[in-house]
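Protein sequence lines correspond, in order, to chains A and B.
Positions in the first sequence are counted from 1; adding 1351 to them yields this note's numbering.
Positions in the second sequence are counted from 1; adding 1351 to them yields this note's numbering.
Every residue, glycine too, gets a C-beta built ideally from N, C-alpha and C.
Since this is a predicted model, take the numbers as computed values, not measurements.
2 protein chains.
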Amino acid sequence: MAKARHSRFDCSPGCSVEAAIGLIDGKWKSVILFHLLSGTLRFNEIRRHIVNVTPRMLTNQLRELEDDGLVERKVYAQVPPKVEYSLSPLGRSMQPVLHALKAWGDSNIGLYGKPKEVPPPQQADPGERTGA
Amino acid sequence: MAKARHSRFDCSPGCSVEAAIGLIDGKWKSVILFHLLSGTLRFNEIRRHIVNVTPRMLTNQLRELEDDGLVERKVYAQVPPKVEYSLSPLGRSMQPVLHALKAWGDSNIGLYGKPKEVPPPQQADPGERTGA
DNA sequence: GCACATAGTATCAAAAAGGGTACTGCAATG
DNA sequence: CATTGCAGTACCCTTTTTGATACTATGTGC
């Protein structure tokens, strides 16, 4: 994220982890990056890839990604505007992360946004807060 | 994981990425998970690991992680309360992601939360928006 | 003339997310 | 007796993020 919303780094070992996700959180960023892994895309192409993203949001996220140096934006001075977005080398270096994320999601999330149910061992009351 | 099983589903491929990220975003979640990778911790231990986290926030994030099945919470009915947090199997399966994140952060972030500067080739005006 | 497509902006609003501080109950410690 | 530590809660507030819509400019196609 462009504005270090994620904490001030006093640098416990988790810092770099946090910093890294800080750059790819945001509702659409990771997805945008993921799509860009496959190649350069134009604004409306991304829009069509990611249903439900409004132009405002897309611009927003793309700008932040650009500001963070993960994405490159190339404008063609044509009459029907043409703007291409692609990963920068830095963005491309994010590939392992994105793949790890996707791999995890594919195997642990039921494609509906929630983690798969882990069958509880033999709990009578799985939802209890275990209050003493 | 290249193809596992095709989710015969119209969700764009980025979905699982987004879902995965959705579970570990939040200002402190990834750091908490990261610390828990090393082993079980008690509430105040985590607090001490992550400077600047307020109890409210910590509870908050831990509860969300618990709700998402990534973290397990174990309460001991002792008099000075004792609560242990540890990764669930699902949370542990996040390890590759967390490590990828950390690896990326370590090599691409200057420990101050910003991506390392990529030395610009020979640009006189690095900040231009390239407006058509 | 009119609509369409491109790549966005502008303007408004609502909802999350994050944050601070004070406070709880109880036992052991000093 | 007062204090400390544990594991949080309660309350209230600010900031950030997300969102829908409508609107811009321009050239092409009908």
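Query - Status (buried if at least 16 other CB within 10 Å, exposed otherwise) for residue 1390 (chain B) - result: exposed
Query - Nearest to residue 1379 (chain A) (by Cα), restricted to the options B:1377, B:1382, B:1380, B:1372 - result: B:1372
Query raised in the report: Between the C-alpha atoms of residue 1366 (chain B) and residue 1382 (chain A), what's the straight-line distance to the nearest angstrom?
Result: 7 Å
Query raised in the report: Between the C-alpha atoms of residue 1408 (chain B) and residue 1426 (chain A), what's the straight-line distance to the nearest angstrom?
Result: 42 Å
**Report entry** Proximal chain A residues relative to residue 1459 (chain B), where beta-carbon distance stays under 7 Å
**Finding:** 1441, 1444
**Report entry** Spatial distance of residue 1478 (chain A) from residue 1417 (chain B) (CA atoms)
**Finding:** Its pLDDT being 41, under 50, residue 1478 (chain A) is placed unreliably by the model, and nothing is read from it.
Report task. Examine chain A for any beta-carbon lying closer than 8 Å to the beta-carbon of residue 1372 (chain B), and answer yes or no. Result -> yes
Query - residue 1404 (chain A): contacting residues in chain B (beta-carbon distance under 7 Å) - result: Those do not exist, as residue 1404 (chain A) stays about 11 Å from chain B at its closest Cβ, beyond 7 Å.
Query - residue 1422 (chain A) at chain B interface by Cβ criterion, 8 Å - result: no
Requested in this report: Please report the residue range of the beta strand (DSSP E) in which residue 1438 (chain A) lies.
Outcome: 1433-1438
**Report entry** Beta-carbon neighbours of residue 1466 (chain B), restricted to chain A and to distances below 8 Å
**Finding:** 1374, 1419, 1420, 1421, 1441
Query raised in the report: Quick one: does residue 1431 (chain A) have its CB under 8 Å from some CB of chain B?
Result: no
Query - Beta-carbon neighbours of residue 1456 (chain B), restricted to chain A and to distances below 8 Å - result: 1366, 1367, 1368, 1369, 1370, 1371
Query - Contacts that residue 1392 (chain A) makes with chain B (C-beta to C-beta distance below 7 Å) - result: Those within 7 Å of residue 1392 (chain A) in chain B number zero; the least Cβ separation is about 12 Å.
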